[in-house]
Amino acid sequence: MTSTTPAPTDPSTRGIAVQLTELRRVYGGVAALDGLTLHLEPGELVALLGPSGCGKTTALRCLAGLEDPDSGSIEVGGRDITGVPTNKRDMGMVFQAYSLFPHMTARQNVEFGLELRGRDRSARRARAGEMLELVGLSVHADKYAHQLSGGQQQRVALARALAIEPQVLLLDEPLSALDAKVRAQLRDEIRRIQLEVGTTTLFVTHDQEEALAVADRVGVMSVGRLEQVAPPAELYSAPRTPFVADFVGLTNRLRARVEDGRAQVLGGSIPVLPGSADGPEAVVLVRPEGIVVEPGDGPAPATVVSASFLGGHGRVVARTPEGEEVSVQVANTDVTRYRPGDRVHLAPRGDAALAVAD
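Reminder that position 272 of the sequence shown reads as 260 in this note's numbering, one-by-one numbering, no gaps.
Printed below as a string of structure tokens:
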């Protein structure tokens, strides 16, 4: 899908900074937010990622004004809005449920927020037309919700949120109700549109692929706290905590000896990341693509447990004599080289990994 809207050279010039400081929210003695501090740069898209109950949606709802934090502050553009009502916060929201008005056409749905703001009919119609073009739905402007697919309905919801030109865009699991293919397509569309419009955006999701694909930075949350916030590549390759290493991507937990900033594992030596356990006995968290597998015996022998074709790549799981099962990513064309029971040897590629106490 193409758009005639030109992409700005610097989207941040139209965005606004957001600062959440020491937010705390307790429900029945359980801290949904436990001192959350997060800064969003103007025009930045930050994704909050984590399991159910980690506090990510509570953080978004506090920013929207749908929840009141027990303590802490929320600033937008340097202005404290902690006590400002929801309808005065100038934010656009897109939820998991499409929430379109069934008795209105796509155009009328997009116009709705503008009508509430007193915009005249011609201005509303023009702005709705621009937004529907931006999301690729101009030809569907006069259709009702039941005449649109799930992905199209969510595009209308996004156009409606953007039509009011909000200072901040809030996306709460907006793609989880869609099937995998549509979800991937709309994920890319949301990122394209966000870059074109330049709106500061907070995106909440439990889908790590989604978060890594669209965000400038990803914040991983656990039990109300922000474990780490970093650009996607850094978050994946240099996790700071065991929770981040385990939650983002697949990770092998392998016993190792750590000395002088290096871990001896699978017959080789790899550097350990900052914040790693001192050792000497430790467990290193190694990604499947950080390990090499070859047929035959070697310094780190193992036996193939399974070999799976996964489309763009393959995965071999092998068991060491010590009983550790090691997952290795291989080229999809190499999967047929391995069968359960085959003897293989393993070796680390040399990528740095996090070491934690055994």
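Ideal Cβ placement from N, Cα and C applies to all residues, glycine included.
Treat the numbers as computed from the prediction; the structure is a model and nothing was measured.
Residue nearest to aspartate 266 within the set Glu10, Gln252, Val236 and Gly256 is Gln252 (criterion: CA-CA distance). Residue range 220 to 225 is occupied by the alpha helix (DSSP H) that includes proline 220. Counting only residues of its own chain and dropping the five nearest sequence neighbours on each side, valine 217 has a CB closer than 6 Å to the CB of Arg205 and Gly207.
Here asparagine 97 is buried: its Cβ has 16 or more other Cβ atoms, across all protein chains shown, within 10 Å. DSSP lists Val274 as the bridge partner or partners of asparagine 240.
When DSSP assignments are scanned along the segment 54 to 95, the uninterrupted stretches of beta strand (DSSP E) that are 3 or more residues long and fall wholly within it turn out to be 59 to 64 and 79 to 82. In the DSSP assignment, methionine 209 is bridged to Leu214.
Within the DSSP bridge table, the entry for tyrosine 132 names Thr93 as partners. Around the beta-carbon of glutamate 99, 16 or more other beta-carbon atoms lie within 10 Å, marking it buried.
Scanning Leu254, Gln141 and Val305 for the CA closest to the CA of threonine 93 turns up Gln141. The segment 226 to 243 and the segment 52 to 59 do not touch, with fewer than three beta-carbon pairs separated by less than 8 Å. Per DSSP, aspartate 346 has no beta-bridge partner at all. Just measuring C-alpha positions, the residue of Arg49, Ser61 and Leu146 sitting nearest arginine 95 is Leu146. Valine 192 is a Cβ neighbour of leucine 48, given a cutoff of 8 Å.
For alanine 340, there is no enclosing alpha helix (DSSP H), as DSSP gives it neither H nor E.
Nearest to valine 246 by alpha-carbon distance, out of Pro162, Arg115, Val144 and Ala343, is Ala343. Apart from the 5 residues on each side of it in sequence, leucine 200 sits with its Cβ closer than 6 Å to the Cβ of Pro220 in its chain, given in chain order. Your pair threonine 46 and arginine 13 checks out as a contact, with CB atoms roughly 5 Å apart and the cut at 8 Å. With a cutoff of 8 Å on beta-carbon distance, alanine 290 and valine 318 are scored as not near each other. The segment 99 to 108 makes no contact with the segment 128 to 135; the number of CB pairs closer than 8 Å stays below 3.
Rounded to the nearest angstrom, the gap between the Cα atoms of proline 328 and valine 292 is 5 Å. Rounded to whole angstroms, the gap between the alpha carbons of phenylalanine 235 and aspartate 195 is 10 Å. The beta carbons of leucine 273 and arginine 241 sit closer together than 8 Å. By the Cβ neighbour-count rule, glutamate 310 is exposed, with fewer than 16 other Cβ atoms within 10 Å of its own.
For the pair methionine 209 and tyrosine 15, the Cα-to-Cα distance works out to about 17 Å. Between glycine 65 and isoleucine 4, the beta carbon gap of about 4 Å places them in contact (Cβ cut-off 8 Å). Leucine 11 places its beta carbon less than 8 Å from that of leucine 24. Per DSSP, the beta bridge partners of aspartate 160 are Val192. Check the Cα spacing between valine 304 and each of Glu312, Ser294 and Ala172: the tightest is with Ser294. Per DSSP, reduced to three states, the secondary structure at glutamate 118 is helical. Annotation: isoleucine 4 is outside any beta strand (DSSP E) and is labelled neither H nor E by DSSP. Taking 8 Å as the upper bound for CB-CB distance, alanine 203 and alanine 35 are in contact here, some 4 Å apart.
Inclusion of glycine 80 and leucine 158 in the CB contact set at 8 Å is warranted, their separation being smaller than that value. Out of Ala52, Ser87 and Tyr86, the CA that lies nearest to the CA of valine 72 is found in Ala52. By a beta-carbon distance limit of 8 Å, leucine 254 contacts alanine 288. Their separation comes to about 4 Å. Isoleucine 152 carries a coil assignment under DSSP once its states are collapsed to helix, strand and coil.
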